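Everything below concerns the one structure shown next.
Protein chains: 2
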Amino acid sequence: MATGRTHRPATRSRGIPEATVARLPLYLRALTALSERSVPTVSSEELAAAAGVNSAKLRKDFSYLGSYGTRGVGYDVEYLVYQISRELGLTQDWPVVIVGIGNLGAALANYGGFASRGFRVAALIDADPAMAGKPVAGIPVQHTDDLEKIIEDNGVSIGVIATPAGAAQQVCERLVAAGVTSILNFAPTVLSVPDGVDVRKVDLSIELQILAFHEQRKAGEESASGDGAHPAAAARKESADQGPDGDVPAVMPA
Amino acid sequence: MATGRTHRPATRSRGIPEATVARLPLYLRALTALSERSVPTVSSEELAAAAGVNSAKLRKDFSYLGSYGTRGVGYDVEYLVYQISRELGLTQDWPVVIVGIGNLGAALANYGGFASRGFRVAALIDADPAMAGKPVAGIPVQHTDDLEKIIEDNGVSIGVIATPAGAAQQVCERLVAAGVTSILNFAPTVLSVPDGVDVRKVDLSIELQILAFHEQRKAGEESASGDGAHPAAAARKESADQGPDGDVPAVMPA
DNA sequence: TGCTGTGAATCGCTTCACAGCC
DNA sequence: GGCTGTGAAGCGATTCACAGCA
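The listed protein sequences derive, respectively, from chains A and B. The first sequence begins at 1 in the UniProt record's numbering and counts up by one. The second sequence begins at 1 in the UniProt record's numbering and counts up by one.
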């Protein structure tokens with residue numbers, strides 16, 4: 001137990017702010033779309049609009065990576081795609097295991113965006129013996145008993161937990177003991193992990209509760225400002241920050 | 001219930017920081033677990049540990065809601081559960097529609113945590129005519145053509161988008177035009193919405209990319225500190241901030 | 001001229017440390 | 001003595017505004 005204040009300046013090593021790291025994937029997606037349309041260059045203004053952030057923030061973000069733009073012109077799309085991919089570590093392939101092949105786990109396994117960029121589903125693992133061998137998304141499900149062997153054989157360092165809440169902590173411990181150092185947790189539980197292991201979580205009901213809070217507030221205000229009333233087609237605004245991204249806390253730092 | 005409620009929330013629910021709102025669901029979950037175990041009171045220290053945050057932050061968070069604790073003692077569990085639920089708007093029922101009943105949409109529909117607290121799946125909507133009438137999680141899927149009618153008939157103000165990226169913006173516009181003012185977006189796209197509509201997004205591949213960044217960094221450092229090597233059973237640390245929660249940007253404000 | 005890159009100002013959240021009350 | 005509630009300090013992220021360069 002870490003009682004002794006292990007004060008670590010959070011983001012040590014390379015000085016890219018967490019908030020910036022969390023936005024890089026957004027930029028990358030926007031850039032990839034531009035690349036597919038063979039657009040050669042973009043201005044910070046255009047790219048920011050496509051990524052749903054403001055341009056000053058984007059320029060500041062990029063300034064942490066280096067000086068990849070050209071004054072008076074903008075950014076070379078292909079070059080930026082490469083630089084960001086490299087920065088995010090997507091130029092290599094990351095084998096990933098998914099543990100817990102229920103509804104959600106199966107949906108994740110089938111999710112296309114997985115393989116698309118740098119990630120590969122190396123194995124599916126479930127505790128139900130009846131699932132063993134059954135293929136999901138073309139990959140045979142393996143039993144939890146073999147978890148350690150699977151992790152080691154495939155050199156997996158990223159694990160996805162999609163088990164029920166009750167099983168998550170134990171699965172987490174086995175993953176970590178077997179060598180996994182990054183975990184994406186879909187189970188509605190707080191995971192305890194040793195230093196050096198990163199955890200990110202995705203939780204539907206938390207997101208809904210946050211929306212409900214704001215929804216309730218809207219209902220309470222009701223017609224404070226003059227406009228409002230007709231949300232339909234009219235003015236549209238690029239949402240400044242959608243959801244859990246622009247976030248900061250991100251990962252538990254090593 | 002009701003121990004020290006001598007005070008009224010002097011600071012009416014105006015200025016609750018987004019970061020605090022994003023943590024309330026976490027506290028609520030921890031408190032609910034305590035409640036089920038019939039624990040009558042908790043200290044900020046204990047509750048903070050259960051929620052995976054630090055105790056000063058928790059106390060500060062609660063101070064925005066009012067003075068619900070008792071000095072020298074702690075917080076009354078039942079009373080706090082009620083206060084936080086009320087603050088989050090969970091004392092009322094929120095009908096929710098899910099649009100896009102593919103793998104993910106179906107998994108969401110089946111997700112238990114949905115109904116558990118304040119939310120009810122009012123309808124499932126899909127563009128595929130072949131899906132129409134087919135029950136998923138006991139609820140018959142309806143066709144997109146009837147989207148507007150469904151929203152209005154059920155008084156839905158929260159929508160979940162689980163469609164492919166290409167369809168998301170259009171679905172979003174129809175939801176908003178029909179009266180939805182909060183959207184949870186699972187499609188990997190930036191949604192444009194009018195002022196007054198909140199959007200939160202959940203994106204698997206973004207989370208993975210953020211993990212990959214840190215993973216790559218770890219591989220680069222390698223052997224900076226002496227220990228390492230045996231991540232197994234030893235020291236375990238309550239992750240300070242797991243994933244997209246402790247976040248701030250949250251919702252696009254009205 | 002136009003757009004990037006960045007110091008400086010600002011904002012908001014977190015953390016500290018202790019006063020206040022049980 | 002113990003634990004909450006909170007002013008104040010600290011810190012990171014955002015935003016501003018403009019210098020610098022193609």
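Glycine included, C-beta positions come from ideal geometry on N, C-alpha and C. Note that this is a predicted model, so its numbers are computed, not measured.
Report task. Taking 8 Å as the cut-off, decide whether the C-beta atoms of A:V160 and A:L204 are in contact. Result -> For A:V160 and A:L204, no; Cβs fall outside 8 Å.
Requested in this report: At 7 Å on the CB atoms, spell out the chain A contacts of B:R37, in chain order.
Outcome: Near B:R37 there are no residues of chain A at all, since even the closest Cβ is about 14 Å away, more than 7 Å.
Query - CB contact below 8 Å: A:A22 versus chain B - result: yes
Requested in this report: Just mark B:Y111 as buried or exposed, buried being the case when its beta carbon has 16 or more other beta carbons within 10 Å.
Outcome: buried
**Report entry** chain B residues whose Cβ lies nearer than 7 Å to that of A:R120
**Finding:** Per Cβ cutoff of 7 Å: no residues; A:R120 is ~11 Å from chain B at best.
Requested in this report: Could you pull out every residue in the same chain whose Cβ sits closer than 6 Å to the Cβ of B:E148, ignoring the five residues on either side in sequence?
Outcome: A178
Requested in this report: Quick one: which residues of the stretch 153-168 of chain B get their C-beta closer than 7 Å to a C-beta of chain A? List them in chain order.
Outcome: S157 and I158
Query raised in the report: If we call anything under 8 Å between Cβ atoms a contact, is A:Q83 one with A:Y64?
Result: Contact flag unset, no.
Query raised in the report: Name the chain B residues that come within less than 9 Å of A:D126, Cβ to Cβ?
Result: Near A:D126 there are no residues of chain B at all, since even the closest Cβ is about 15 Å away, more than 9 Å.
Query raised in the report: Cα separation between B:V141 and A:K201?
Result: 29 Å
Query raised in the report: Taking Cβ-Cβ distances shorter than 9 Å, what residues in chain B pair up with A:Y111?
Result: The answer, in chain order, is N103, L104, L204 and S205.
Query raised in the report: Around the Cβ of B:G15, are there at least 16 other Cβ atoms within 10 angstroms (buried) or fewer (exposed)?
Result: exposed
Query raised in the report: Applying the criterion that 16 or more other CB atoms from any shown protein chain within 10 Å of the CB defines a buried residue, is B:G138 buried or exposed?
Result: exposed
Query raised in the report: For A:S182, which beta-bridge partners are listed by DSSP?
Result: DSSP output for A:S182 lists A:I158 and A:D198 as bridge partner(s).
**Report entry** Boundaries (first-last residue) of the alpha helix (DSSP H) holding A:G102
**Finding:** No alpha helix (DSSP H) holds A:G102; DSSP gives it neither H nor E.
Query - Runs of beta strand (DSSP E) wholly within the stretch 60-118 of chain A (minimum 3 residues, chain order) - result: 74-76 and 94-99
**Report entry** Any 3 or more C-beta pairs closer than 8 Å across the stretch 93-101 of chain B and the stretch 119-126 of chain B
**Finding:** yes
Query raised in the report: Just the Cα atoms here: how many angstroms apart are B:L211 and B:A33?
Result: 29 Å
Query raised in the report: Which residue comes first and which comes last in the beta strand (DSSP E) that contains residue 256 of chain A?
Result: Outside the shown range of chain A (1 to 254) lies residue 256 of chain A, about which nothing can therefore be said.
Query - Buried versus exposed call for B:Q216 [16 or more other C-beta atoms within 10 Å across all chains shown] - result: buried
Requested in this report: Could you check if B:D198 is buried or exposed, using at least 16 other CB atoms within 10 Å of its CB as the buried criterion?
Outcome: buried
Query raised in the report: What residue does the alpha helix (DSSP H) around B:P17 start on, and which one ends it?
Result: Counting along the chain, B:P17 falls outside any alpha helix (DSSP H), and DSSP gives it neither H nor E.
Requested in this report: Go ahead and label A:S38 buried or exposed: buried means 16 or more other beta carbons lie within 10 angstroms of its beta carbon, across all protein chains shown.
Outcome: exposed
Query raised in the report: Looking only at C-alpha atoms, which of A:W94, A:E78, A:G72 and A:A56 sits nearest to A:F119?
Result: It is A:W94.
Query raised in the report: For residue 302 of chain B and chain A, any beta-carbon pair shorter than 8 Å?
Result: Past the edges of chain B, shown from 1 to 254, lies residue 302 of chain B, and the structure says nothing about it.
Query raised in the report: In whole angstroms, what separates the C-alpha of A:M131 from that of A:T70?
Result: Taking the straight line joining both Cα atoms gives about 55 Å.
Query raised in the report: When the Cα of A:S85 is compared with those of A:V42, A:A30 and A:E173, which residue comes out closest?
Result: A:A30
Query raised in the report: In chain order, what residues of the same chain have a beta carbon less than 6 Å from the beta carbon of B:G105, not counting five sequence neighbours either side?
Result: I98 and A162
Query raised in the report: Taking A:E18 as the reference, which of A:G74, A:I158 and A:E87 has the closest Cα?
Result: A:E87
Report task. Return the first residue and the last residue of the alpha helix (DSSP H) that A:S38 is part of. Result -> No alpha helix (DSSP H) holds A:S38; DSSP gives it neither H nor E.
Report task. Give the DSSP-derived three-state secondary structure of B:V193 in the structure shown. Result -> strand
Query raised in the report: Between which two residues does the alpha helix (DSSP H) harbouring B:A127 extend?
Result: Premise fails: B:A127 is in no alpha helix (DSSP H) and is neither H nor E.
Requested in this report: Determine the direct distance from the alpha carbon of B:H214 to that of A:P40, and round the result to whole angstroms.
Outcome: For A:P40 and B:H214, the distance between alpha carbons rounds to 30 Å.
Query raised in the report: Which of helix, strand or coil does DSSP assign to B:V136?
Result: Of the three classes helix, strand and coil, the one that applies to B:V136 here is strand, per DSSP.
Query raised in the report: Would you call B:G89 buried or exposed, if buried means 16 or more other Cβ atoms sit within 10 Å of its Cβ?
Result: buried
Requested in this report: Could you have a look at residue 259 of chain A and say whether DSSP puts it in helix, strand or coil?
Outcome: Nothing in the structure corresponds to residue 259 of chain A, since chain A is present only between 1 and 254.
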